[in-house]
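Trainee:
In the UniProt record's numbering, the protein residues as written are 1 to 302.
(1) Tell me, to the nearest whole angstrom, how far the beta carbon of residue 153 is from that of residue 67; I am working on the premise that it is less than 8 Å.
(2) Opposite residue 161 in the DSSP bridges: which residues?
(3) CA-CA distance, residue 97 and residue 255?
(4) Ignore the nearest five residues each way along the sequence and tell me which others in residue 41's own chain have a CB closer than 6 Å to its CB.
(5) So, do the segment 177 to 190 and the segment 118 to 135 have three or more beta carbon pairs nearer to each other than 8 Å?
(6) Does the separation of the CB atoms of residue 62 and residue 25 fall below 8 Å?
(7) For residue 14, does the count of other Cβ atoms within 10 angstroms reach 16, so buried, or fall short, so exposed?
(8) From what residue to what residue does the alpha helix (DSSP H) around residue 264 run?
(9) Give me, in chain order, the residues of the same chain whose beta-carbon lies closer than 8 Å to that of residue 38; leave out the 5 immediate sequence neighbours on both sides.
(10) Spatial neighbours of residue 232 within its chain, please: CB distance less than 7 Å, with the 5 preceding and 5 following residues excluded, ordered by chain position.
(11) In three-state terms, what does DSSP make of residue 303?
(12) Using CA atoms only, rank isn't needed, just tell me which of 128, 107, 141 is closest to residue 92.
(13) Classify residue 240 as helix, strand or coil using the three-state DSSP reduction.
(14) What separation, rounded to the nearest whole angstrom, lies between the Cα atoms of residue 115 and residue 216?
(15) Which same chain residues, not among the five before or five after residue 234, have their C-beta less than 8 Å away from its C-beta?
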C-alpha cells in the first residue's frame with residue numbers, strides 16, 4: 001500500500017507540474033503574439049517585455065519537459081544532462097530578472113524624462129540594451145560549467161537545489177543577494193515613479209501619457225509579482241522543513257510566478273481588450289484604473 005500511495009503521490013505532483021507548466025506556456029506564447037500584434041508595443045517597452053516573456057517560456061519549458069518527467073519516473077537528475085538543464089534554468093531566470101530591472105528603469109525614464117527617454121531607447125540603442133542584458137545573463141552561468149558548481153532538480157524532494165559544495169553555496173548566496181538587491185532597487189524606482197505620477201497627474205492627461213501610465217501599472221504588477229516570488233522563496237520557504245511545504249513555497253510558487261507574468265501582460269494588452277470588448281482598432285474605449293485615491297481614465301487613441 002505504501003508503494004501504491006507513493007506512486008500515486010508522484011503522479012499527482014507530475015500532473016501538477018506538467019499541466020500548470022503547459023498552461024503557462026500557452027499563456028506566455030499568446031502574450032508574445034499580442035505584443036507582436038499591438039502597434040503600441042513595437043517600442044523599447046514592448047521589446048523588453050518580449051525578452052521577459054522569452055525568459056518565462058524558457059523556465060516553463062524546463063518544468064514541463066524536465067522537472068515533471070523526472071518526478072514521475074524518479075530519474076537521476078544529478079547527471080550531466082540534469083546539470084546542463086539546471087544551468088539553462090539559471091540563464092532564463094537571469095533574463096527574467098534583468099528584464100524586470102530594465103522595464104522598471106524604462107518606465108521611470110518615460111514618466112520623468114519623456115523627451116530624453118525617446119533618445120535613450122531608440123531602436124538600435126534598445127537592441128544594445130537587450131544584447132548587454134543577455135550577455136550578462138550568459139556570463140553569470142559560466143561558474144556552472146565547473147564540476148562542483150551546479151543547480152539541479154531533485155525528483156525525490158520535488159524542488160531545485162544548488163550543489164551541496166562550497167561553490168554551490170557561493171552560487172546560492174550570489175543568487176540571493178542579486179535577487180534581493182534588484183528587488184530593493186525596483187521597489188525604490190517604482191515608488192519614485194508613482195510619486196511623480198501623483199504629483200503631476202494634472203499634467204499627464206494626454207492619451208500618450210495615459211498609455212505610459214498604463215504601461216507603468218503593468219510593470220508594477222509584474223514587479224510586485226517578482227517581489228512576492230523572491231520573498232516567499234527566500235524567506236517563507238525556510239520556515240518549514242516539510243517536503244510538501246517546500247514544494248508549495250518554492251517549486252509551485254516559482255512556476256506560478258512565470259505563469260502569472262503572462263496573464264498580467266495579456267490583461268493589460270489593448271489587443272486582448274479589443275477582442276474581449278469586440279471593438280475594432282478604430283474605436284476608442286476607456287477603462288478606469290485606480291491609482292491611490294484618484295482615477296486615471298485611459299482612452300486609447302488607436
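Every residue, glycine too, gets a C-beta built ideally from N, C-alpha and C.
Mentor: Let me spell this out:
(1) 5 Å
(2) 152
(3) 15 Å
(4) 35
(5) Contact fails: fewer than three Cβ-Cβ distances are below 8 Å.
(6) Taking 8 Å as the Cβ cut-off, residue 62 and residue 25 do not qualify as a contacting pair.
(7) By the neighbour-count definition (other C-beta atoms within 10 Å, threshold 16), residue 14 is a buried residue.
(8) 253 to 268
(9) 46, 269, 270, 271
(10) 249, 253
(11) In this structure the chain extends from 1 to 302, so residue 303 is not present and cannot be described.
(12) Of all alpha-carbon atoms in 128, 107, 141, the one lying nearest the alpha-carbon of residue 92 is that of 141.
(13) Of the three classes helix, strand and coil, the one that applies to residue 240 here is coil, per DSSP.
(14) 17 Å
(15) 176, 179, 180
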